[in-house]
Amino acid sequence: MQPDDLSNQLKRRAQDLGFQHCGICPAVAPPGLSRLDAWLEAGYAGQMHYLSDRRHAYDHPRHVLDGVRSIVMVAMHYSSEPSNAPVAGQGRIARYAWGAVDYHDLIRGRLHQLADFLRELAPSSLTRGVVDTAPLAERELAQIAGLGWIGKNTLLISKSAGSYFFLAALLTDQTLAYDNPHAANHCGTCTACLDSCPTDAFPQPYVLDATRCISYLTIELQETIPLDLRHGMGDWLFGCDVCQDVCPWNRDAPCSAETDFAPCEDKNPMELAELLELDEQQFRARFRHTPLWRAHRRGLLRNAAIVLGNQRATEALPALVTGLQDEEPLVRGASAWAIGQLKHPAGEKALRVRLSLEADSQVIDEINSALRGG
Ligand code: SF4
Ligand code: SF4
Numbered sequence: 211m212q213p214d215d216l217s218n219q220l221k222r223r224a225q226d227l228g229f230q231h232c233g234i235c236p237a238v239a240p241p242g243l244s245r246l247d248a249w250l251e252a253g254y255a256g257q258m259h260y261l262s263d264r265r266h267a268y269d270h271p272r273h274v275l276d277g278v279r280s281i282v283m284v285a286m287h288y289s290s291e292p293s294n295a296p297v298a299g300q301g302r303i304a305r306y307a308w309g310a311v312d313y314h315d316l317i318r319g320r321l322h323q324l325a326d327f328l329r330e331l332a333p334s335s336l337t338r339g340v341v342d343t344a345p346l347a348e349r350e351l352a353q354i355a356g357l358g359w360i361g362k363n364t365l366l367i368s369k370s371a372g373s374y375f376f377l378a379a380l381l382t383d384q385t386l387a388y389d390n391p392h393a394a395n396h397c398g399t400c401t402a403c404l405d406s407c408p409t410d411a412f413p414q415p416y417v418l419d420a421t422r423c424i425s426y427l428t429i430e431l432q433e434t435i436p437l438d439l440r441h442g443m444g445d446w447l448f449g450c451d452v453c454q455d456v457c458p459w460n461r462d463a464p465c466s467a468e469t470d471f472a473p474c475e476d477k478n479p480m481e482l483a484e485l486l487e488l489d490e491q492q493f494r495a496r497f498r499h500t501p502l503w504r505a506h507r508r509g510l511l512r513n514a515a516i517v518l519g520n521q522r523a524t525e526a527l528p529a530l531v532t533g534l535q536d537e538e539p540l541v542r543g544a545s546a547w548a549i550g551q552l553k554h555p556a557g558e559k560a561l562r563v564r565l566s567l568e569a570d571s572q573v574i575d576e577i578n579s580a581l582r583g584g
């Protein structure tokens with residue numbers, strides 16, 4: 211089959227599989243690797259050591275699939291109607307995680323189906339599907355495949371779809387017909403994303419300091435959240451959508467038709483006090499097959515405590531006192547900070563009792579700081 215025919219059939223199949231956008235590019239070294247080096251050098255990746263550990267693999271897609279010639283880049287919408295604003299005692303979750311399933315599982319299955327289809331047309335094809343799972347510069351390759359441009363908020367943006375979509379790739383050794391790169395940048399003079407980031411995570415346009423980004427802090431970081439960034443987290447329990455929500459290209463962003471991405475009642479927004487009651491087994495039962503699993507129990511409970519502290523809701527005190535007894539120092543420390551924010555006599559008493567029992571030096575520091583009103 212000719213590359214043109216093969217490509218057209220693949221694009222139609224991708225559409226049928228729920229990928230609303232599909233572009234194809236040759237397997238080339240992505241541009242901008244020197245920017246990646248500078249970004250890593252600046253320490254903006256924080257604890258995401260897997261990026262620097264596999265840095266050389268980003269040089270070329272052949273490190274992901276030996277013999278690769280073409281990359282089929284696909285995008286799947288995930289957005290839904292905006293959630294209700296959280297009230298005190300509730301936390302926000304980033305849109306991509308509102309659904310009932312982990313998107314990796316769903317998309318991986320669809321990529322397998324796309325690869326099977328390619329093998330029906332070209333039986334000897336080598337393929338590999340990638341959804342966040344391999345060292346591939348997805349955004350840069352998606353731009354080369356014509357899907358959009360990389361905005362000042364560092365995300366891929368499409369004129370027709372905004373940025374609320376998952377990107378994935380099917381690599382193959384087949385020669386296909388290639389789309390034109392999306393050469394234009396449509397950010398213009400807009401700076402809405404840069405101006406509205408609650409934690410000032412953009413040192414300059416097109417550069418994200420992940421160590422200040424709420425998505426990183428609430429999902430990737432498995433340590434104490436730096437004191438100066440806690441208030442900026444506001445209501446965000448898991449992830450953050452601010453720099454996408456303000457982007458004018460998302461004003462008419464399409465909603466997802468996937469039922470698995472439809473917002474679950476209990477995530478949109480999420481009750482926080484009950485999170486602080488979950489033991490490891492209950493946490494697993496509730497979140498194992500959802501994106502929230504990535505934060506781990508200790509990370510999510512830490513986040514819940516910080517959001518409750520930011521809301522200064524005294525009704526949350528019993529839940530925070532539970533958090534203050536948690537087996538994880540990370541949760542006890544965040545709960546101590548949050549109780550300090552409530553400035554309530556019963557909270558102060560609970561902190562003093564805990565201080566008399568506490569052995570972890572970081573938690574002791576958090577309690578002392580909370581008692582000083584820090
Ligand atoms: S996701 Fe939130 S915290 Fe991160 S850069 Fe965007 S606005 Fe800032
Ligand atoms: S908010 Fe404005 S500057 Fe930021 S990505 Fe969107 S268009 Fe570009």
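When the letters of the sequence shown are read in order and numbered with the working numbering, they come out as residues 211 to 584. C-beta: ideal position from N, C-alpha, C; glycine also. From a predicted model like this one, the values you see are computed outputs, not experimental measurements.
In terms of Cα proximity to Ala463, the closest of Pro296, Arg305 and Val238 is Arg305. Counting only residues of its own chain and dropping the five nearest sequence neighbours on each side, Gln323 has a CB closer than 7 Å to the CB of Leu227.
The C-beta distance from Leu216 to Leu386 rounds to 6 Å, short enough to fall under 8 Å. When distances are taken from the beta-carbon of Ser425 to the heavy atoms of ligand 1, the shortest one is below 7 Å.
A buried status is given to Asp419, since no fewer than 16 other beta-carbon atoms sit within 10 Å of its beta-carbon.
The beta-carbon separation of Glu538 and Gln257, rounded to 17 Å, does not stay under the 8 Å limit for a contact. Under the DSSP assignment, Arg302 falls in the beta strand (DSSP E) whose first and last residues are Gln300 to Ile303. Fully contained in the stretch 303-336 are the following alpha helix (DSSP H) runs of length 4 or more, in chain order: 313-331. Secondary structure at Gly442: helix, using DSSP grouped into helix, strand and coil.
By the neighbour-count criterion, in which a residue is buried when 16 or more other Cβ atoms sit within 10 angstroms of its Cβ, Arg542 is buried. Taking all protein chains in view, the Cβ of Gly253 is surrounded by fewer than 16 other Cβ atoms within 10 Å, so the residue is classified as exposed. For the set Phe375, Gln491 and Phe497, the Cα lying nearest the Cα of Lys477 is the one of Phe497. With a cut-off of 7 Å, the C-beta of Val456 is classified as near ligand 2, since at least one heavy atom of the ligand falls inside that distance.
If only complete runs of 4 or more residues are kept, the stretch 450-487 shows the alpha helix (DSSP H) at 452-455, in order along the chain. Ile367 is positioned such that its CB atom lies no closer than 8 Å to that of Val341. As DSSP reads the structure, Ser280 sits in a beta bridge with Pro236 and Thr382. Contact annotation: Cys457 and Gly398 have beta-carbon atoms that are not nearer than 8 Å.
With three or more CB-CB distances shorter than 8 Å, the stretch 263-280 counts as touching the stretch 228-248. In this structure, the C-beta of Lys362 approaches ligand 2 to less than 7 Å from one of its heavy atoms. Taken atom to atom, the span from the alpha-carbon of Pro501 to that of Trp359 is near 26 Å. For the pair Pro479 and Asp445, the Cα-to-Cα distance works out to about 10 Å. Per DSSP, reduced to three states, the secondary structure at Arg338 is strand. Linking Trp547 to Gly584 through their CA atoms gives a straight-line distance of about 8 Å. Just so you know, the alpha carbons of Ala352 and Met283 end up roughly 6 Å apart. For the pair of segments examined, the stretch 400-420 was found not to touch the stretch 306-315: the number of CB pairs separated by less than 8 Å stays below three.
Assignment of Val541 by DSSP, reduced to helix, strand and coil, places it in the helix class. For Ala379, the shortest separation between its Cβ and any heavy atom of ligand 1 does not lie below 7 Å. Trp359 is bridged by DSSP to Ile367. Ser290 is the residue among Ala325, Ser566 and Ser290 whose C-alpha sits nearest the C-alpha of Ser373. Taking C-alpha positions only, Asp383 is separated from Arg279 by approximately 5 Å.
For Phe497, the three-state secondary structure derived from DSSP is helix.
In this model, Asn460 and Gln454 are separated by some 7 Å (Cα to Cα). At the C-beta level, Ile303 and Phe471 stay beyond 8 Å of one another. For the set Ala298, Leu250, Ser370 and Pro528, the Cα lying nearest the Cα of His396 is the one of Ser370.
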